[in-house]
Amino acid sequence: MSEQKQAQQRITVSGVVGDTVKYSTTKLGQPYVSFEMAVQEGPRRGAKRTVYYTVNAFRQLAVNASQSIKPGDRLLVTGTIKEVLLKRPDHLVTKHAITAGHMGHDLFWGTSEFTRTETAASAADQTSGAQS
13 MSEQKQAQQR
23 ITVSGVVGDT
33 VKYSTTKLGQ
43 PYVSFEMAVQ
53 EGPRRGAKRT
63 VYYTVNAFRQ
73 LAVNASQSIK
83 PGDRLLVTGT
93 IKEVLLKRPD
103 HLVTKHAITA
113 GHMGHDLFWG
123 TSEFTRTETA
133 ASAADQTSGA
143 QS
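Here this note's numbering runs 12 ahead of the position in the sequence shown, where the first position is 1.
See the structure below:
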């Protein structure tokens with residue numbers, strides 16, 4: 013199996029989380045999440061096709077996503093899409109992956125409650141400010 017990388021571009025998609033959000037850390041200890049998302053593409057009315065994306069997020073977005081989303085949730089995801097062509101013996105397969113910069117629940121389909129989180133940086137700022 014051989015891979016050919018394609019150009020990257022920014023994309024925003026609306027779709028449904030298809031499986032559990034897998035949370036882990038990189039070799040350098042950076043948090044990340046990964047999950048599959050089903051997106052209906054096509055005209056507003058008429059035949060649509062489902063395209064599956066692997067969504068990846070890093071750092072604080074990964075931490076927040078792991079605590080906020082679950083299978084079946086409808087999300088908006090904005091990020092950089094990368095398409096990788098995989099050469100199989102008898103055909104080509106295109107894999108779609110989005111490295112998310114932003115994501116959240118799609119409020120067209122329901123309601124959501126926002127809770128602000130405190131990052132390590134803001135916690136450090138408050139601690140040093142309290143000591144002054």
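Even glycine gets a Cβ: it sits at the ideal position worked out from N, Cα and C.
Cutoff 7 Å; reference residue i; Cβ partners in own chain excluding five residues on either side
i: Val-75; result: Pro-43
i: Thr-106; result: Glu-95 and Leu-97
i: Ser-124; result: His-117
i: Arg-61; result: Glu-53 and Gly-54
Under the three-state DSSP convention, the category residue i falls into
i: Leu-104; result: strand
i: Arg-56; result: coil
i: Lys-99; result: strand
i: Phe-47; result: strand
i: Lys-39; result: coil
i: Leu-87; result: strand
i: Ala-132; result: Note on Ala-132: pLDDT 49, under 50, position unreliable in the model; the coordinate value appears next. DSSP places Ala-132 in helix when its eight states are reduced to three.
i: Val-33; result: coil
i: Ser-124; result: coil
Extent of the continuous alpha helix (DSSP H) to which residue i belongs
i: Gln-72; result: 71–80
Supposed close pair residue i, residue j - CB separation, criterion 8 Å
i: Lys-24; j: Thr-90; result: A quick correction: the sequence has Thr, not Lys, at residue 24. The Cβ separation is near 4 Å, so the contact holds.
i: Tyr-65; j: Val-51; result: 6 Å
i: Glu-48; j: Val-63; result: Not really, about 11 Å apart at Cβ, beyond 8 Å.
i: Pro-83; j: Gly-30; result: 7 Å
Residues near residue i by beta carbon distance below 6 Å, same chain, minus five either side
i: Ala-112; result: Val-67, Ala-69, Val-89 and Gly-91
i: Arg-86; result: Val-28, Asp-118 and Trp-121
i: Ser-78; result: Val-33, Tyr-35 and Val-45
i: His-108; result: Tyr-65 and Glu-95
Close beta carbons around residue i, own chain, < 8 Å, minus the five adjacent residues each side
i: Thr-129; result: Gln-72, Val-75 and Asn-76
i: Arg-22; result: Thr-90, Gly-91, Thr-92 and Ile-93
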